[in-house]
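Novice: Pasting a structure below so you can have a look.
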Amino acid sequence: MLQGKWLAVFSGLVLAIAGCGQASAQATIKVAYTDPLSGPFAQVGDANLKQMQYIIDYINSKGGALGKKFELVPFDNKSQPSDALIALKSATDQNMPFIMQCSGSNIAAALIDGVNKNNERNPDNRIIYLNCGAVAPELTNEQCSFWHFRFDLHAGMKAEVMVRALPKETTKVYLINQDYLFGQSVQREVRNYLTKLRPDVQVVGDELIPLGKIKDFSPYITKIKASGAQALLTGNWGPDMNLLIKAGVDAGADLHYYTFYAHLAGGPTAIGAGGDNRVLSVMSYSENVAPAIGNKEAEAFGEGFRAKHKFDFSAAGFRTIFEYLQAAVNKAGSVDATKIATAMEGLELKDFLGYDTKMRKDDHQIITEYFVGTFKKGTKYDAEGTGLGWAPTATILAKDIDQPNTCKMKRPGAS
Amino acid sequence: MEVFVVSLLNGLVYGMLLFMLASGLTLILSMMGVLNFAHASAYMLGAYFAYTISTYIGFWPALILAPLLCGLVGAAIEMFGLRRVHRNGHIAELLFTFGLALLIEKGVQMTWGLLPVPYRVPELLDFPLFSVYGTHFPAYRAFMLLISALMFGAIWLGLTRTRIGLVIQAALTHPDMASALGHNVPRIFTLVFAAGTALAGLAGVIGGNYQVTEPAMAFTMGPIVFVVVVFGGLGSLTGCFIASILMGLIQTFAVVFDVSLADLLAKFGFTVTSGTPFAEVLNVTLPRVGALLPFLMLVLILVFRPRGLMGTRDT
Chain A
28 MLQGKWLAVF SGLVLAIAGC GQASAQATIK VAYTDPLSGP FAQVGDANLK
78 QMQYIIDYIN SKGGALGKKF ELVPFDNKSQ PSDALIALKS ATDQNMPFIM
128 QCSGSNIAAA LIDGVNKNNE RNPDNRIIYL NCGAVAPELT NEQCSFWHFR
178 FDLHAGMKAE VMVRALPKET TKVYLINQDY LFGQSVQREV RNYLTKLRPD
228 VQVVGDELIP LGKIKDFSPY ITKIKASGAQ ALLTGNWGPD MNLLIKAGVD
278 AGADLHYYTF YAHLAGGPTA IGAGGDNRVL SVMSYSENVA PAIGNKEAEA
328 FGEGFRAKHK FDFSAAGFRT IFEYLQAAVN KAGSVDATKI ATAMEGLELK
378 DFLGYDTKMR KDDHQIITEY FVGTFKKGTK YDAEGTGLGW APTATILAKD
428 IDQPNTCKMK RPGAS
Chain B
74 MEVFVVSLLN GLVYGMLLFM LASGLTLILS MMGVLNFAHA SAYMLGAYFA
124 YTISTYIGFW PALILAPLLC GLVGAAIEMF GLRRVHRNGH IAELLFTFGL
174 ALLIEKGVQM TWGLLPVPYR VPELLDFPLF SVYGTHFPAY RAFMLLISAL
224 MFGAIWLGLT RTRIGLVIQA ALTHPDMASA LGHNVPRIFT LVFAAGTALA
274 GLAGVIGGNY QVTEPAMAFT MGPIVFVVVV FGGLGSLTGC FIASILMGLI
324 QTFAVVFDVS LADLLAKFGF TVTSGTPFAE VLNVTLPRVG ALLPFLMLVL
374 ILVFRPRGLM GTRDT
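Taken in order, these protein sequences are the chains called A and B. First residue of the first sequence: 28, per this note's numbering; consecutive thereafter. First residue of the second sequence: 74, per this note's numbering; consecutive thereafter.
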């Protein structure tokens, strides 16, 4: 008797699951997402994934696009370009119109190449690459592609934001960057904008360090102190940034740290209270921006994420991505990669904070407002439960970072 | 001069931390012939255990309890895993510990999450001990030096002055003979493995808050520890000690000297211009490759002196 009951429940379940699968297969717009979800850089991919899922749920609750819902399909790429290409293959095999990737310009370069080839060979199964954080300037200049859209400011623009945020009193700076494609472009761009915007600032030291190999940064701090620098400018991320700032704080160095990535997952915990009022970061958003500009709706959106996942919401940029997707798909009128890409070119939207943003037509680089935050006590929203949070100290508007580009875009059908 | 003094201190601290990790590994490697890939994982476990314990009952009990826990984990690994695998030869053991290291990393990620945990220096030691030319030397670093020096003394005394130490030494070189004389060699193996793991755990307890406690810490610390062990030589605690300090100092001082091969050549009246072949390589400064120097030394010592600095037999 009991067995029969269980059997009925079980078969009911199977039917229900099968039904779900069928319904969702027809009605969703799939977005492949590939980033490291395992290994030493998994923390970044994992945090991105949670925030994207939260944003997608919101966008879907606002009707998705063309009556269909967006669906995120994660692929682990273990920080390897080859694995990212496997993800791309799976995505095109399943006819997904979008692939998204955030970490690693080397992976982004491989993806651009892979997407270009796929779209040339399979005109009826094309895919758009949404770049949510690979920031080497080359990707929208020499390597620019019709199928690639970058939704984060590139390293040159971030460097300009950083240089603009340097206070008048700072006249001696020290540069430390990681010795690979990204670090070298940060080094070049920061120097470039220092000469252009702040000729009074003297670069007293400029170094490249091997990526992820250094466990003790105290010797660097000694060297930086000896140079008399007032500020340390770095594009380092992950352990290379955490350990660098920690060593500086421990040694009691009288320095300000200007970073690109101190606000990302894990940074605030590693820096801790010692970084009070010393660490600044160039960021697309901090939860304290919304109360500072009095935007209740944006504030509530971040609070909703906090309530759900118990950690900070920093990825306002991802919401902009999905709002662009929603607008572009609706404008294109169909889920066809070529039509969507054409619709996305030159699209202008107000982001959820109310600022103007624009997807530049000539190089597919987004132009958006950017913030510089200072890590300090007494902010409304603290970061990672440390008691310190990112207070917005500077806002740079989109129009101020509209840097020129050298892209020669090749559009399908035009050649 | 001031840079020299500060760098010397920093190099010593880092070298001593390396030694704490490497001493356990060198014991295990020379005694059991097991290249234990999971050794750095014990370092990570030590840090995470200490973090969890310190949130409940404070740092000081954690300093004792976390290494003990790690030792228990080590003993369990040896008794229930390694001993069975041992019959199938060294390759099997190597692969076993390699798999174990990956499992432990995943386990740590699932238990404590992917983000770094806020494992902090205890307040009692969170002050600058003294200033050398304006650079603070945190008291915690002095504490690290003290702990590792005590540990070195304890191991050395234990191995040379106690009965169990003598048996271990005998089992190190002549396991069959020690066994024939009635000593329980498998139990000694378990003991050494547990002790080695506990030492790594202790290194984790005091290294975890000095650096950052995160799931990638084993992965980043692993390779350098192997370098120290091979460089120092099998079966030699003194060699391991010298190698650790040497690696610490080399990595620290490499950062300070901004010289390149081109500068060296210039001393001999040869100027490198952008037209010179290999100009790119010649112009790379020492700090850029400093972290790779230990690996260069590893390659060199394996070619020219395979038994290591103070080793008694070939690797």
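C-beta atoms are modelled at their ideal positions from N, C-alpha and C, and glycine is treated no differently. For clarity, every value in this text was computed on a predicted model and none was experimentally measured.
Could you check whether the Cβ of B/H209 sits closer than 7 Å to any Cβ belonging to chain A?
Specialist: Numbered from its first residue, the second sequence carries residue 209 of chain B at position 136. Chain A contact via Cβ: present.
Novice: For the candidate residues A/R153, A/A136, A/K96, whose alpha-carbon lies nearest to that of A/K116?
Specialist: The residue given as residue 116 of chain A occupies position 89 in the first sequence. Per the Cα distances, A/R153.
Novice: Determine which residues of the stretch 185-209 of chain A have a Cβ less than 9 Å from any Cβ of chain B, and write them out in chain order.
Specialist: Answer set for the stretch 185-209 of chain A: D206.
Novice: Report the three-state DSSP secondary structure of B/Y121 (helix, strand or coil).
Specialist: For this step, residue 121 of chain B is matched to residue 48 along the second sequence. Helix.
Novice: Where does the unbroken beta strand (DSSP E) through A/A421 begin, and where does it stop?
Specialist: To locate residue 421 of chain A, count along the first sequence from 1; it is residue 394. 415-423 is the extent of the beta strand (DSSP E) around A/A421.
Novice: Comparing the C-beta of A/D243 with each C-beta of chain B, is any distance below 7 Å?
Specialist: Numbered from its first residue, the first sequence carries residue 243 of chain A at position 216. Closer than 7 Å to some Cβ of chain B, the Cβ of A/D243 qualifies, so yes.
Novice: If I follow the unbroken beta strand (DSSP E) through A/E196, where does it start and stop?
Specialist: For the purposes of this step, residue 196 of chain A is taken as the residue at position 169 of the first sequence. Element bounds for A/E196: n/a, residue is neither H nor E.
Novice: Exposed or buried, B/Y124, counting other C-beta atoms within 10 Å across all chains shown (16 or more means buried)?
Specialist: Counted from its first residue, the second sequence places residue 124 of chain B at position 51. It counts as buried.
Novice: For B/V265 versus B/P189, is the C-beta distance shorter than 7 Å?
Specialist: On the second sequence, residue 265 of chain B is found 192 positions in, with the first residue counted as 1. On the second sequence, residue 189 of chain B is found 116 positions in, with the first residue counted as 1. Not in contact: B/V265 and B/P189 (Cβ atoms no closer than 7 Å).
Novice: Quick one, are the C-beta atoms of A/H336 and A/K77 less than 7 Å apart?
Specialist: Along the first sequence, read from residue 1 onward, the residue named residue 336 of chain A stands at position 309. Along the first sequence, read from residue 1 onward, the residue named residue 77 of chain A stands at position 50. Their beta carbons are under 7 Å apart, which means A/H336 touches A/K77 by this criterion.
Novice: Could you pull the start and end residues of the beta strand (DSSP E) that A/F97 belongs to?
Specialist: In the first sequence, residue 97 of chain A corresponds to position 70, counting from 1. 96-103 is the extent of the beta strand (DSSP E) around A/F97.
Novice: Compare the beta carbon distance of A/Q392 and A/T167 with 7 Å and say whether it is the shorter of the two.
Specialist: As a working note, residue 392 of chain A is residue 365 in the first sequence. As a working note, residue 167 of chain A is residue 140 in the first sequence. Yes, the Cβ-Cβ distance between A/Q392 and A/T167 is below 7 Å.
Novice: With DSSP run on the structure shown, which of helix, strand or coil describes B/F203?
Specialist: Your numbering for residue 203 of chain B matches position 130 in the second sequence. Three-state result, B/F203: strand.
Novice: Is A/L376 close to chain B, meaning its C-beta is less than 7 Å from at least one C-beta of that chain?
Specialist: The count along the first sequence starts at 1 and reaches residue 376 of chain A at position 349. Chain B contact via Cβ: absent.
Novice: Assuming A/Y397 is part of the beta strand (DSSP E), what are its boundary residues?
Specialist: Counting from 1 along the first sequence, the entry for residue 397 of chain A is found at position 370. That run of the beta strand (DSSP E) goes 397-404.
Novice: Between A/E234 and chain B, is any beta-carbon pair separated by less than 7 Å?
Specialist: For the purposes of this step, residue 234 of chain A is identified with residue 207 of the first sequence, where counting begins at 1. It does; some Cβ of chain B falls within 7 Å.
Novice: With contact counted as at least three CB pairs below 8 Å, one residue from each stretch, are the stretch 177-186 of chain A and the stretch 410-430 of chain A in contact?
Specialist: Counting Cβ pairs under 8 Å, three or more are found: they touch.
Novice: Any contact between the stretch 227-246 of chain A and the stretch 199-211 of chain A? By contact I mean 3 or more CB pairs, one from each, below 8 Å.
Specialist: The stretch 227-246 of chain A vs the stretch 199-211 of chain A: in contact.
Novice: Which class does A/I348 belong to by DSSP, given the choice of helix, strand or coil?
Specialist: Here residue 348 of chain A refers to the residue found at position 321 when the first sequence is read from its first residue. A/I348: helix per DSSP, three-state reduction.
Novice: Which of helix, strand or coil does DSSP assign to B/E178?
Specialist: In the second sequence, the residue the question calls residue 178 of chain B occupies position 105. Helix at B/E178.
Novice: Less than 7 Å between the C-beta atoms of A/K385 and A/A370, yes or no?
Specialist: Here the question's residue 385 of chain A lines up with position 358 in the first sequence. Here the question's residue 370 of chain A lines up with position 343 in the first sequence. Contact: no.
Novice: Given that a residue counts as buried once 16 or more other Cβ atoms are within 10 Å of its Cβ, and exposed if not, what is A/W264?
Specialist: The residue given as residue 264 of chain A occupies position 237 in the first sequence. By the 10 Å Cβ count, A/W264 comes out buried.
Novice: For a contact defined as C-beta to C-beta under 8 Å, what are the partners of A/A253 on chain B?
Specialist: Position 226 of the first sequence holds residue 253 of chain A. Under the 8 Å cutoff, chain B gives E75, V76.
Novice: Buried or exposed, going by whether 16 or more other CB atoms sit within 10 Å of the CB of A/L29?
Specialist: Indexing the first sequence from 1 puts residue 29 of chain A at position 2. Per-residue confidence for A/L29 stands at a pLDDT of 47, beneath the threshold of 50, marking its modelled position as unreliable; the derived number appears in the next sentence. Classification of A/L29: exposed, given that the 10 Å Cβ count is below 16.
Novice: Measuring straight from C-alpha to C-alpha, what distance separates A/L271 and A/A300?
Specialist: Against the first sequence, residue 271 of chain A aligns to sequence position 244. Against the first sequence, residue 300 of chain A aligns to sequence position 273. Near 15 Å, if we compare the C-alpha coordinates of A/A300 and A/L271.
Novice: What are the residues in the stretch 77-90 of chain B lying within 8 Å of chain A by C-beta distance?
Specialist: Answer set for the stretch 77-90 of chain B: V79, S80, N83, G84, V86, Y87.
Novice: Does DSSP put A/V316 in a helix, a strand or coil?
Specialist: For the purposes of this step, residue 316 of chain A is taken as residue 289 along the first sequence, with counting starting at 1. Helix at A/V316.
Novice: Please give the ranges of any alpha helix (DSSP H) in the stretch 280-313 of chain A, keeping only runs that are unbroken, at least 4 residues long and fully inside the region.
Specialist: Listed in chain order, they are 294-298.
Novice: Taking all protein chains shown into account, do 16 or more other C-beta atoms lie within 10 angstroms of the C-beta of B/I297, making it buried, or fewer, making it exposed?
Specialist: On the second sequence, position 224 is the one that residue 297 of chain B refers to. Buried: at least 16 other Cβ atoms inside 10 Å.
Novice: For A/L99, go through chain B and note every residue whose CB falls closer than 7 Å to its CB, in chain order.
Specialist: Counted from its first residue, the first sequence places residue 99 of chain A at position 72. Within 7 Å Cβ-Cβ: nothing; A/L99 doesn't reach chain B, min ~18 Å.
Novice: Tell me the residue span of the beta strand (DSSP E) that contains A/R177.
Specialist: As a position in the first sequence, residue 177 of chain A is number 150, starting the count at 1. Unbroken beta strand (DSSP E) run through A/R177: 175-177.
Novice: Which residues of chain B have a Cβ atom closer than 8 Å to the Cβ of A/A256, listed in chain order?
Specialist: The sequence position of residue 256 of chain A within the first sequence is 229, counting from 1. Residues of chain B passing the Cβ test: none, with the nearest at roughly 13 Å.
Novice: Determine, using beta carbons only, whether B/S347 comes closer than 7 Å to chain A.
Specialist: Counting from 1 along the second sequence, the entry for residue 347 of chain B is found at position 274. Judged by the 7 Å Cβ criterion, B/S347 is not in contact with chain A.
Novice: Under three-state DSSP, which class holds A/A50?
Specialist: Position 23 of the first sequence, counted from the start, is the residue given in the question as residue 50 of chain A. Note that A/A50 scores 43 on pLDDT, short of 50, meaning its location in the model is unreliable and no value can be drawn from it.
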